[in-house]
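Trainee: Per our numbering, residue 4 is the first one in the sequence shown, and the count goes up by one each step.
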Amino acid sequence: MAPPANVPPSTGGRPDEVLRRLDLVISRRLDGLLHGEYLGLVPGHGSELGETRRYQPGDDVRRIDWNVTARLQEPYVRETIADRELETWVLADLSPSLDFGTAFCEKRDLAVSAAAAVGFLTARTGNRTGAVLVDPDGATTVPARGGKDHLMALLHRLVSAPRAERGKTDLAAGLGRMAATTRRRGLAVVVSDFLGSDDWERPLARLATRHETLCVEVVDPRELELPAVGVLALVDPRTGDLHEVQSSNPRLRERYAAAAAAQRARIADTIGRAGADHLQLRTDRDWLLDLVRFVAARRERVRGLSRPVVT
Numbered sequence: 004m005a006p007p008a009n010v011p012p013s014t015g016g017r018p019d020e021v022l023r024r025l026d027l028v029i030s031r032r033l034d035g036l037l038h039g040e041y042l043g044l045v046p047g048h049g050s051e052l053g054e055t056r057r058y059q060p061g062d063d064v065r066r067i068d069w070n071v072t073a074r075l076q077e078p079y080v081r082e083t084i085a086d087r088e089l090e091t092w093v094l095a096d097l098s099p100s101l102d103f104g105t106a107f108c109e110k111r112d113l114a115v116s117a118a119a120a121v122g123f124l125t126a127r128t129g130n131r132t133g134a135v136l137v138d139p140d141g142a143t144t145v146p147a148r149g150g151k152d153h154l155m156a157l158l159h160r161l162v163s164a165p166r167a168e169r170g171k172t173d174l175a176a177g178l179g180r181m182a183a184t185t186r187r188r189g190l191a192v193v194v195s196d197f198l199g200s201d202d203w204e205r206p207l208a209r210l211a212t213r214h215e216t217l218c219v220e221v222v223d224p225r226e227l228e229l230p231a232v233g234v235l236a237l238v239d240p241r242t243g244d245l246h247e248v249q250s251s252n253p254r255l256r257e258r259y260a261a262a263a264a265a266q267r268a269r270i271a272d273t274i275g276r277a278g279a280d281h282l283q284l285r286t287d288r289d290w291l292l293d294l295v296r297f298v299a300a301r302r303e304r305v306r307g308l309s310r311p312v313v314t
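1) Among Ala164, Pro146, Gly199, Leu154, whose alpha-carbon lies nearest the alpha-carbon of Asp173?
2) For Arg56, which three-state DSSP category applies?
3) Which value, in whole angstroms, describes the spacing of the CA atoms of Leu229 and Ala260?
4) Suppose only complete runs of 3+ residues qualify. What are the beta strand (DSSP E) ranges in the region 134 to 203, listed by chain order?
5) Nearest by alpha-carbon distance to Val234: which of Val222, Pro253, Leu124, Cys218 is it?
6) Under a three-way DSSP split, which group does Gln76 fall into?
7) If I measure Cβ to Cβ from Asp293 and keep anything under 8 Å in the same chain, skipping five residues before and after, which residues do I get?
8) Considering only residues of the same chain and omitting the five flanking positions on each side of Val2, which have a CB-CB separation below 7 Å?
9) Please state whether the Cβ-Cβ distance between Leu101 and Ala114 is less than 7 Å.
10) Do you know how far the Cα of Trp69 is from the Cα of Val21?
11) Anyone know if the C-beta pair for Asp138 and Ala167 falls short of 7 Å?
12) Within 10 angstroms of its Cβ, does Val192 collect 16 or more other Cβ (buried), or is it exposed?
13) Bridge partners of Glu90, per DSSP?
14) Helix, strand or coil, according to DSSP, for Asp62 in the structure here?
15) Can you list, in chain order, the residues of its chain whose CB lies under 7 Å from that of Lys171, leaving out five sequence neighbours each side?
16) To which residues of the same chain is Val238 closer than 6 Å at the C-beta, ignoring the five residues directly before and after it?
17) Please state whether DSSP places Arg269 in a helix, a strand or coil.
18) For Arg17, count neighbouring Cβ atoms within 10 angstroms of its own Cβ and tell me buried if that reaches 16, exposed if not.
19) Need the endpoints of the beta strand (DSSP E) that Arg111 sits in, please.
20) Can you list the beta strand (DSSP E) stretches of 3 or more residues lying completely in the region 200 to 235, in chain order?
21) Any chance you could list the alpha helix (DSSP H) runs of at least 4 consecutive residues sitting entirely within the region 237 to 301, in chain order?
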């Protein structure tokens, strides 16, 4: 398989070199594609109140103006004006399960690239960026500030974060920390593989009721299906347990693929029920192309179509 045109830089390299490459790739390749309108990656509808109009299928029910609806006896939604100052918060899941990759990069490389893309694309015209970094030891908050120097320092902290050999992260606690920290309506981006416990739906839903929320799911193809390569020695990064698997068994591979498909469908359903947008990035695909496709679909949704899910 030929590598895609845009491979995320390895986070195992020097942090300053990783950030320089990300800056060049994102600025050169995405600027012309995503900045034709201010409503590019995020602010959705903004927070300044505008005019009302009749409800149309596909509109966000949270924007219904109940006073106007009661007076006119039919549903109306309140348009809003996009803010010119956006506060963006990124929750970066630094679970050991991200230190895995069998295609063109590790999942951690992809997660860092996604966080950098969000930062570079939104840290403009006085916009502020903050982060909640979640690892097996707990959650760390980086306060939201403006300016490229702050963004580069935040990303440097993310790139140079130590890798835990084992343990699991508490994504639900991280989402709760973000919801408590973000006072002003803005953009919340959650970057994770969403593996492990399933107790994060409720805190994600609470976050999505106040903020435009995007969940970036990072996936490796070997998490979806096993190759027939004989006996595999697999290590659970969360517990350190070693398992030997006979991958040449077709029935085992079928059961694995079915269980993996069900798991990913459950993750997608949970994100959808919470009211967040969903972008899946894979280590064997061009992540920039997937990001551009997502933004194009999201622009259509802002114009009145349904929520985009790029897989």
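All C-beta atoms in this analysis are idealised placements derived from N, C-alpha and C, irrespective of residue type, glycine included.
Mentor: According to the structure data:
1) Here residue 173 corresponds to residue number 170 of the sequence shown, with the count starting at 1. With distances taken between Cα atoms, Asp173 lies closest to Gly199.
2) Here residue 56 corresponds to residue number 53 of the sequence shown, with the count starting at 1. In this structure, Arg56 counts as strand in the three-state DSSP scheme.
3) Walking along the sequence shown from the start, residue 229 turns up at place 226. Walking along the sequence shown from the start, residue 260 turns up at place 257. Taking C-alpha positions only, Leu229 is separated from Ala260 by approximately 7 Å.
4) Listed in chain order, the complete beta strand (DSSP E) runs (minimum 3 residues) inside the region 134 to 203 are 141 to 149, 190 to 195.
5) Your numbering for residue 234 matches position 231 in the sequence shown. Ranking the options by Cα distance to Val234, first place goes to Pro253.
6) To locate residue 76, count along the sequence shown from 1; it is residue 73. Here Gln76 sits in coil by DSSP.
7) Position 290 of the sequence shown, counting from 1, holds the residue named residue 293. Setting aside the 5 residues that flank it on each side, Asp293 is surrounded in the same chain by Leu282, Gln283, Leu284, Arg285, Val313, each with a C-beta closer than 8 Å to its C-beta; the list follows chain order.
8) The requested residue 2 is not part of the displayed model; the chain covers only 4 to 314.
9) Walking along the sequence shown from the start, residue 101 turns up at place 98. Walking along the sequence shown from the start, residue 114 turns up at place 111. Cβ distance < 7 Å, so Leu101 and Ala114 count as in contact.
10) Indexing the sequence shown from 1 puts residue 21 at position 18. Indexing the sequence shown from 1 puts residue 69 at position 66. Taking the CA atoms as reference points, Val21 sits about 49 Å from Trp69.
11) Locating residue 138 in the sequence shown gives position 135, counting from the first residue. Locating residue 167 in the sequence shown gives position 164, counting from the first residue. Yes. Within cutoff.
12) One-based indexing of the sequence shown puts residue 192 at position 189. Counting Cβ neighbours within 10 Å, Val192 comes out buried, since at least 16 surround it.
13) Position 87 of the sequence shown, counting from 1, holds the residue named residue 90. Paired residues: Arg131.
14) Position 59 of the sequence shown, counted from the first residue, corresponds to residue 62. Note: Asp62 maps to coil in three-state DSSP.
15) Along the sequence shown, read from residue 1 onward, the residue named residue 171 stands at position 168. For Lys171, where only same-chain residues beyond five positions count, the Cβ hits under 7 Å are Ser98, Pro139, Gly199, Arg241.
16) In the sequence shown, counting from the first residue as 1, residue 238 sits at position 235. Hits under 6 Å: Leu245.
17) In the sequence shown, the residue the question calls residue 269 occupies position 266. Arg269: helix per DSSP, three-state reduction.
18) Position 14 of the sequence shown, counted from the start, is the residue given in the question as residue 17. Its Cβ having fewer than 16 others within 10 Å, Arg17 is exposed.
19) Position 108 of the sequence shown, counting from 1, holds the residue named residue 111. First-last for Arg111: 110 to 125, but that is the alpha helix (DSSP H), not the beta strand (DSSP E).
20) Taking 3 residues as the shortest admissible run, the region 200 to 235 contains the following complete beta strand (DSSP E) segments, listed from N- to C-terminal end: 215 to 222.
21) Within the region 237 to 301, the complete alpha helix (DSSP H) segments of 4 residues or longer fall at 253 to 277, listed in chain order.
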